[in-house]
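Chemist: My questions all concern the structure below.
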Amino acid sequence: MKAPAILAAAITVSLSSYLANANAASEHQQRELQLSAADIHVLVARTGAGSLEIQGVEGLSQILVKADIYSDDGAKIDFSLERQAGKAKLVADVKQAKGFSFGSHDSPYMDVTVQLPAAMALDLDDGSGGIAIAGMSADIRVKDGSGALKIVGGNNLRIDDGSGAIVISQITGDIEIEDGSGAIDISRVTGDIEIDDGSGNMDIRDIQGKVKIRDGSGNIEVSNTLGLTILEAGSGKVSFDQIKGAVSRP
């Protein structure tokens, strides 16, 4: 199995891992929210433990949010979607109250799915769990604690990630990534890419702009870009091919 396929499989497993354990929770509830997207240019979301799936839809006039919440009695549920000064603010988090036990789980969690206009920007602050974003055409900013991250589509992209595999494709702007650990797979980008990575293998290909990398450890493979600058490679094999511009490496 090729590396991108392995990463995609890992993300699928991560996004479904919470659901697989749902039967062990003593309480499961579903909630829904919606908000008119008129005059809203960005969705600002703060989410806790659990998976997050976001789908951009051309022509959609609403922001639609669904949540599957798994908790025990006494858990504090924070689930809201409000309009504030031209922004939509989503909060989706559940925390266990003191003195309550969540059975075999360390903590409760909330799996969230969002549909919104494709041209609406995203500003996400996520705790843990897989994130999948598709169909967007606007700027995306993601701050993520842990869990796999997959993004297909979008304009300028900024990621601050703790740990977990990252797969990115079909981005029409620039990409900046600050990553702690986990494999990174990037393809089909029209702009420049800048990566500051702690550990994990990288596979970067079919980039119309320039690529700049600072890496602690892990193999680096880059192909078909406009230029390549490796500021630091740490440990791991470095290979590159079809670089149309200058190549600089230590």
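Per full-length UniProt numbering, the very first residue in the sequence shown carries number 1; after that it's consecutive. We put the beta carbon where it would ideally sit given N, CA and C, even for glycine.
#1: On the three-state DSSP scale, how would you describe Arg-249?
#2: What residue from Met-120, Gly-129, Ala-67, Thr-190 has the CA that sits closest to Thr-113's CA?
#3: Do Ile-63 and Arg-31 have their C-beta atoms within less than 8 Å of each other?
#4: Using 8 Å for Cβ pairs, my map puts Ala-246 next to Gly-227. What's the rounded Cβ distance?
#5: Met-136 by DSSP, collapsed to three states: which one?
#6: Hey, quick one: how far does the beta strand (DSSP E) through Ile-177 stretch, first residue to last?
#7: Can you pull the DSSP bridge partners for Ser-146?
#8: Whose C-beta lies closer than 7 Å to the C-beta of Ser-14 among residues of the same chain, with five residues either side of it excluded?
#9: For Gln-111, count the other beta carbons within 10 Å of its own beta carbon; 16 or more makes it buried, fewer makes it exposed. Which is it?
#10: For the region 175-184 and the region 160-167, state whether three or more C-beta atom pairs, one from each stretch, are separated by less than 8 Å.
#11: Excluding the 5 residues flanking Gly-145 on each side, which residues of the same chain have their C-beta closer than 6 Å to its C-beta?
#12: How about Thr-229 and Ile-243: are their beta carbons less than 8 Å apart?
#13: Taking the beta carbon of Asp-39 as the centre, do at least 16 other beta carbons fall within 10 Å, making it buried, or is it exposed?
#14: So what's Ile-40 in DSSP terms, helix, strand or just coil?
#15: I'd like to know whether the C-beta of Asp-185 is nearer than 8 Å to at least one C-beta of chain D.
#16: Which residues does DSSP pair with Arg-141 in a beta bridge?
#17: Do you know how far the Cα of Met-136 is from the Cα of Ala-119?
#18: DSSP three-state call for Leu-226: helix, strand or coil?
#19: Just verifying my parser: in three-state terms, what is the DSSP assignment at Leu-60?
#20: Mapping the DSSP letters down to three states, classify Ser-187 as helix, strand or coil.
#21: For Ala-88, report the span of its beta strand (DSSP E) as first-last.
#22: Comparing C-alpha positions only, which one of Arg-249, Ala-92, Val-238, Ile-207 sits nearest to Leu-33?
#23: Only counting the same chain, and skipping five residues up and downstream in sequence, which positions put a Cβ closer than 6 Å to that of Ser-223?
#24: According to the neighbour-count rule (16 or more other Cβ atoms, all chains shown, within 10 Å of its Cβ), is Asp-215 buried or exposed?
#25: Can you give me the C-alpha to C-alpha distance between Ala-49 and Gly-182, rounded to a whole angstrom?
Modeler: Reading off the structure:
#1: coil
#2: Answer by Cα proximity: Ala-67.
#3: no
#4: 5 Å
#5: coil
#6: Residues 175-181.
#7: Ser-128, Ser-163
#8: Interpretation of Ser-14 is limited by its pLDDT of 46, a score under 50 that renders its predicted location unreliable; the figure taken from the coordinates is listed afterwards. Answer for Ser-14: Gly-130, Gly-147, Ala-148, listed in chain order.
#9: Strictly speaking, residue 111 in this sequence is Asp, with Gln absent from that position. Asp-111 comes out buried.
#10: yes
#11: Gly-127, Ser-128, Gly-162
#12: no
#13: exposed
#14: coil
#15: In the structure shown, chain D does not exist; there is a single protein chain.
#16: Asp-123, Arg-158
#17: 6 Å
#18: coil
#19: coil
#20: Strand.
#21: According to the DSSP assignment, Ala-88 belongs to the beta strand (DSSP E) that extends over 87-95.
#22: Ala-92
#23: Closer than 6 Å at Cβ, skipping near neighbours: Arg-205, Asp-241, Gln-242.
#24: Answer is buried; the Cβ neighbour count reaches 16.
#25: Ala-49 and Gly-182: Cα-Cα distance of roughly 19 Å.
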